[in-house]
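So the protein sequences, as listed, match chains A and B.
Converting from the first sequence to this note's numbering requires adding 2 to each position, the first position being numbered 1.
Converting from the second sequence to this note's numbering requires adding 19 to each position, the first position being numbered 1.
We put the CB at the ideal spot given by N, CA and C, even for glycine.
Report on the structure given below.
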Amino acid sequence: MELIPILSFIILVATISTFILAIGAYILYKMRERKGRTSVMPAPRYIEAELFTPNQAVIQQGGPAMQGSPAMQGSPAMQGNPAMQGGGGQVSFQETYSRPNPEARPSMAQAAPAGRAVVAQQVRSRQQNYQMPVENEPEEDPTNKKFMKYTTEGYVPVSKTKTGENLKWR
Amino acid sequence: MRKNKEILRGKIILDNFEKPHEDTGRGNKLMATIFSTGIVSLLLIITIAVTLPITGLSYSNLFVFSSIVSLVIFLFVLLFRYFSTLIMAYLYITKYTVENKSDFFPFVSIIVPVYNEGKVLSNSITSLLDLDYPNYEIIIVNDGSTDNTKEVGQSLVGIHKGRLEMVRVSMINKPNGGKSKALNAGIQYSKAEFVLCMDGDSQLSANTLRAGIKHFTDPTIGAVAGNVKVLNRKKMLTDLQALEYVEGLNMPRSAQSLIKLVNIIPGPVGIFRKKAIQDAGWYSSDTFAEDADLTLNIMAAGWKIYYEQNAISYTEAPETLNQLLKQRYRWTRGILQSILKHKRHLFNPTLNFGNSLVLWSMFYEALIWPVMNIFANLFFIVVALVYGMSNLLAFWWAGIALLDLMTALYCVAVEKEDIRLVPYAFIYRLIFILMIDITKAMATIEEFLGIEMNWGKLERIGNG
Numbered sequence: 003m004e005l006i007p008i009l010s011f012i013i014l015v016a017t018i019s020t021f022i023l024a025i026g027a028y029i030l031y032k033m034r035e036r037k038g039r040t041s042v043m044p045a046p047r048y049i050e051a052e053l054f055t056p057n058q059a060v061i062q063q064g065g066p067a068m069q070g071s072p073a074m075q076g077s078p079a080m081q082g083n084p085a086m087q088g089g090g091g092q093v094s095f096q097e098t099y100s101r102p103n104p105e106a107r108p109s110m111a112q113a114a115p116a117g118r119a120v121v122a123q124q125v126r127s128r129q130q131n132y133q134m135p136v137e138n139e140p141e142e143d144p145t146n147k148k149f150m151k152y153t154t155e156g157y158v159p160v161s162k163t164k165t166g167e168n169l170k171w172r
Numbered sequence: 020m021r022k023n024k025e026i027l028r029g030k031i032i033l034d035n036f037e038k039p040h041e042d043t044g045r046g047n048k049l050m051a052t053i054f055s056t057g058i059v060s061l062l063l064i065i066t067i068a069v070t071l072p073i074t075g076l077s078y079s080n081l082f083v084f085s086s087i088v089s090l091v092i093f094l095f096v097l098l099f100r101y102f103s104t105l106i107m108a109y110l111y112i113t114k115y116t117v118e119n120k121s122d123f124f125p126f127v128s129i130i131v132p133v134y135n136e137g138k139v140l141s142n143s144i145t146s147l148l149d150l151d152y153p154n155y156e157i158i159i160v161n162d163g164s165t166d167n168t169k170e171v172g173q174s175l176v177g178i179h180k181g182r183l184e185m186v187r188v189s190m191i192n193k194p195n196g197g198k199s200k201a202l203n204a205g206i207q208y209s210k211a212e213f214v215l216c217m218d219g220d221s222q223l224s225a226n227t228l229r230a231g232i233k234h235f236t237d238p239t240i241g242a243v244a245g246n247v248k249v250l251n252r253k254k255m256l257t258d259l260q261a262l263e264y265v266e267g268l269n270m271p272r273s274a275q276s277l278i279k280l281v282n283i284i285p286g287p288v289g290i291f292r293k294k295a296i297q298d299a300g301w302y303s304s305d306t307f308a309e310d311a312d313l314t315l316n317i318m319a320a321g322w323k324i325y326y327e328q329n330a331i332s333y334t335e336a337p338e339t340l341n342q343l344l345k346q347r348y349r350w351t352r353g354i355l356q357s358i359l360k361h362k363r364h365l366f367n368p369t370l371n372f373g374n375s376l377v378l379w380s381m382f383y384e385a386l387i388w389p390v391m392n393i394f395a396n397l398f399f400i401v402v403a404l405v406y407g408m409s410n411l412l413a414f415w416w417a418g419i420a421l422l423d424l425m426t427a428l429y430c431v432a433v434e435k436e437d438i439r440l441v442p443y444a445f446i447y448r449l450i451f452i453l454m455i456d457i458t459k460a461m462a463t464i465e466e467f468l469g470i471e472m473n474w475g476k477l478e479r480i481g482n483g
């Protein structure tokens, strides 16, 4: 038996079947799509969204522009403000939301490999021109960290040791 | 990780970037097109009927001659397309290999738009926390999901330990408005100069940001397109798509990157200079391919686009034929809509030559090539069934399969992909591409007839 006629026959059948299959699938798709058709409402110019962000981020990122009162946000004057366009939606924080079940969160934190610490150090030194919008570690008032006093209880902020006392110049 | 449990809930007012709907009289335009096309076709038939006796040819001879001429043209175009893409892709990879770009670590916001991605969202965020990059945040944008996406997303909000540094994860819950609006919401909220836009079901490789962001040291680069790979393999249909992604999508992107004119920044991974997005007029929702539309707008604004093969995003590919064809139908119509939106650039290369070049190549890939492929296959069926020249089919298939095999080998070697994909080259063009091309042709006809369509939603499996 010759190979080429058999191969040609297989290819012919495959090509015709592909045509039939593709057209059939297309017709089926159109029939399904027709069933689920819905009308589309026009979208508004501005939308109100809900933001969930870590507490720390607000301290770092939320400048004065982001702390407008909720009453301000609905005002047409605010909405027409061109400064709003091009980034930085108007944010107002209403409440602190505590995660109802923190244990439910998947544990994604992975220990950074030891070798990575060196890379991170190199990277940090190259970041001089770029300010990090969020610094992750500091959470207390930065003024408290400037001056620490060493006591038997370890390092304590200076402000805590000066209760009821005034500084005296000597 | 202190205060990690405390999440602040706030309100945010976002510009929806909704353009007023313009009634452009599409119905009248369509009728005029159909009428003029009919007149031209009639004139052509009359001309053939009148001039044929002068040439001395019969109608059957005319069919044979025109078929041979068409076939020769098709073969020429096919070979030119293959080899020009291969050579340009080779030059790109050579240049890429010898180039030594310095590291660059600006702050980047990763925008993750999600709609009913509850099953896969955790995997996506896990992959993002493992990025080998020191300076980024993650913003999840829930586009009014109806499943448990909101709860899953909320459980992920916080300060997490990343591979190199702590990573902040925030979430925006907005009413449903589509992917483009969700991305715009995230980009608006971001304060970073650079944003990475991805799909909620995609997972990034650890090197993605580090590899992609370094190209922005060139101030003309407005965006970097990433490399999309299929996550759910080991099935024939998804394996064929995996081959298509490396051979049919990534290789042309490498070729286009040689001239820094990548025509589509894929939805699963694209890094943008925020200024370029602003210049392009943000993501728009008036087409079904918002990524193609934004890419064309960025190029029209004068920015260059690069392709980074090491910025890899793994995405779930459709597992059933119906889902696949639905996806391709939407892509084709979206691309055609984007091209038509930029028809000013299509017909006037003096506005931006690069943009016109890209638009013509997209037009060719979306419309001309599929039609040529379908006609070539139909021709061989007719020749085999009517004229009994079925042997021709085997030679035709052998030639095409050889070309595909060669390209598949090259692409698999360059991308260090799974060698298992190479044998699929034997049926890739004959069955898979033909099926896709038929869908493309149907979508094209529907687009030009102005038939309405709606967004399909791929049912996620949640593996990987």
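Label residue i either buried or exposed according to how many other C-beta atoms from any shown protein chain fall within 10 Å of its C-beta, with 16 as the threshold for buried.
i, result
"S55/B", "exposed"
"N47/B", "exposed"
"V405/B", "exposed"
"D456/B", "buried"
"A51/B", "exposed"
"Y302/B", "buried"
"V60/B", "The residue asked about is misnamed: residue 60/B is Ser in this sequence, not Val. So S60/B counts as exposed."
"K198/B", "buried"
"A85/A", "Any reading at A85/A is ruled out, since the residue's pLDDT is 34, under 50, leaving its predicted position unreliable."
"G26/A", "exposed"
"I438/B", "exposed"
"P46/A", "exposed"
Only counting the same chain, and skipping five residues up and downstream in sequence, which positions put a Cβ closer than 6 Å to that of residue i?
i, result
"A395/B", "F93"
"A204/B", "L33, V160, I191 and K193"
"R172/A", "Only weak support is given to the placement of R172/A: the predicted model assigns it a pLDDT of 43, under 50, and the value that follows is read from those uncertain coordinates. The answer is none, since no qualifying residue turns up."
"E156/B", "S128 and R187"
"L340/B", "none"
"D312/B", "S303, T306 and S357"
Note down, in chain order, each residue of its chain lying with its Cβ closer than 7 Å to the Cβ of residue i, except the 5 sequence neighbours on either side.
i, result
"M190/B", "I159, N161, G172, Q173 and V176"
"L453/B", "N392 and N396"
"L359/B", "none"
"L81/B", "L71"
"E266/B", "T426, A427 and C430"
"K493/B", "Because residue 493/B is not part of the residues shown, which for chain B are 20 to 483, the question remains open."
Using the beta-carbon of each residue, which ones in chain A are nearer than 9 Å to residue i?
i, result
"S189/B", "L53, F54, T55, P56 and A59"
Just the chain B side, please: which residues come within less than 7 Å of residue i by C-beta, in chain order?
i, result
"I22/A", "Simply none; closest approach about 10 Å."
Check each candidate in the options and name the one with the smallest Cα separation from residue i.
i, options, result
"P337/B", "K180/B, Y348/B, F467/B and E327/B", "Y348/B"
"E50/A", "P194/B, K253/B and Y101/B", "P194/B"
"K294/B", "A261/B, L376/B, G241/B and D312/B", "G241/B"
"P7/A", "V131/B, F414/B and F84/B", "F414/B"
"Q222/B", "V288/B, K169/B and Y264/B", "V288/B"
"T257/B", "T113/B, T334/B and T104/B", "T334/B"
"P153/B", "A274/B, Y78/B, G29/B and T227/B", "T227/B"
"V377/B", "R272/B, D456/B, A403/B and F467/B", "R272/B"
"N167/B", "W388/B, T145/B, S141/B and I157/B", "S141/B"
"E465/B", "K32/A, L5/A and S19/A", "K32/A"
"Y264/B", "Q328/B, K233/B and E170/B", "Q328/B"
"V214/B", "R252/B, G286/B and S77/B", "G286/B"
"P442/B", "G267/B, L421/B, S380/B and F366/B", "L421/B"
"M270/B", "E25/B, Y429/B and D437/B", "Y429/B"
"N251/B", "S332/B, A320/B, L468/B and I206/B", "S332/B"
"Y325/B", "K362/B, Q297/B and V281/B", "V281/B"
Run down chain A in chain order and give the residues with a C-beta less than 7 Å from the C-beta of residue i.
i, result
"K193/B", "I49 and A51"
"Q173/B", "F54"
"N246/B", "Those within 7 Å of N246/B in chain A number zero; the least Cβ separation is about 23 Å."
"I317/B", "The contacting residues do not exist; I317/B stays about 15 Å from chain A at best."
"M391/B", "Simply none; closest approach about 15 Å."
For residue i, which three-state DSSP category applies?
i, result
"L422/B", "helix"
"A308/B", "coil"
"G26/A", "helix"
"A16/A", "helix"
"T334/B", "strand"
"Y348/B", "helix"
"R28/B", "strand"
"I408/B", "Here residue 408/B is Met; the residue named in the question, Ile, does not match the sequence. In this structure, M408/B counts as coil in the three-state DSSP scheme."
"N192/B", "strand"
"G231/B", "helix"
"F382/B", "helix"
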